[in-house]
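So the sequence shown is numbered by my numbering: it starts at 445 and just counts up by one.
All residues carry an ideal CB built from backbone N, CA and C; glycine is no exception.
None of the values given here were measured: they were computed from a predicted structure.
As structure tokens, the structure follows; a few thoughts come after it.
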Amino acid sequence: ALYITASNLTLQGNVYSNTSITIDPPITISSDTIFNSLSGYGGVLLLGPITASSGNPSLTVKATKGPADVDRLGTDEAPLGNVSVTGGTYIHLGGDIVSLGSLVISGSVNITDSRILVGADGITLKNDLTPSVTGLNLTLQTCNTNISTLSLGKSGYPLQTVSLTCSVFDLL
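What follows is the structure, given as structure tokens:
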């Protein structure tokens, strides 16, 4: 298991572990970055926000056999490039996501607060997105490209308001 604690963390490369990755400080990236727990069941837990120091580097978070738990990924002032998040058991989005490229999320997604997901070149949610409480809002924004999803909310946990900005919306 890999556990990193600090006041801030600046990365210029990738992070791999055979079991799990847990990083609690805010992370600044300056180049394309991958967090991958490989075949570990512990997953990837990124407790602080991830922002770009310059440019729009791509971000990949991959927890093939475990959960992916991420905070805010990118901001309006420091957006990321392409963003891909994969969770083998589930994905928890602890913050908004701002990508100037495509946003692809593979795995069942759970949100505990209202969220805004921006994928300028498209958004793909390959599984369901479900709030853990009722009354949450979801905003999905693209720049005249596609949004594709399997489902948004469930009968016992509906979303209050869903706002879509796109040219094509596909329910898979």
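- Counting only runs that start and end inside the stretch 513 to 575, the beta strand (DSSP E) elements of at least 3 residues fall at 527 to 531, 535 to 537, 541 to 543, 547 to 550, 553 to 555, 559 to 563, 567 to 575.
- Assignment of Asp476 by DSSP, reduced to helix, strand and coil, places it in the coil class.
- Pairing Thr466 with Tyr447 gives a Cβ-Cβ distance under 8 angstroms.
- Between Val542 and Thr519, the C-beta spacing is below 8 angstroms.
- A residue is called buried when at least 16 other Cβ atoms come within 10 angstroms of its Cβ; Gly600 does not meet this threshold and is exposed.
- Burial state of Leu524 is buried, judged by a 10 Å Cβ sphere holding 16 or more other Cβ atoms.
- Classified as exposed, Ser483 has fewer than 16 neighbouring CB atoms from the shown chains inside 10 Å of its CB.
- Taking 8 angstroms as the cut-off, the beta carbon of Ser451 is found no closer than this to the beta carbon of Ile473.
- For Gly487, the pairing in a beta bridge is given by DSSP as Ser464.
- With fewer than 16 neighbouring CB atoms inside 10 Å of its own CB, Gly457 falls in the exposed class.
- Val606 is the residue among Thr586, Gly545, Val606, Val527 whose C-alpha sits nearest the C-alpha of Leu573.
- The bridge partners DSSP lists for Leu453 are Ile471.
- According to the DSSP secondary-structure assignment, Ser595 is paired through a beta bridge with Asp572.
- Judged by DSSP secondary structure, Thr495 falls within the beta strand (DSSP E) whose first and last residues are 494 to 496.
- For the pair Thr477 and Leu503, the CB atoms are nearer than the 8 angstroms cut-off.
- The beta carbons of Gln604 and Gly579 sit about 5 angstroms from each other, so the pair counts as a contact at 8 angstroms.
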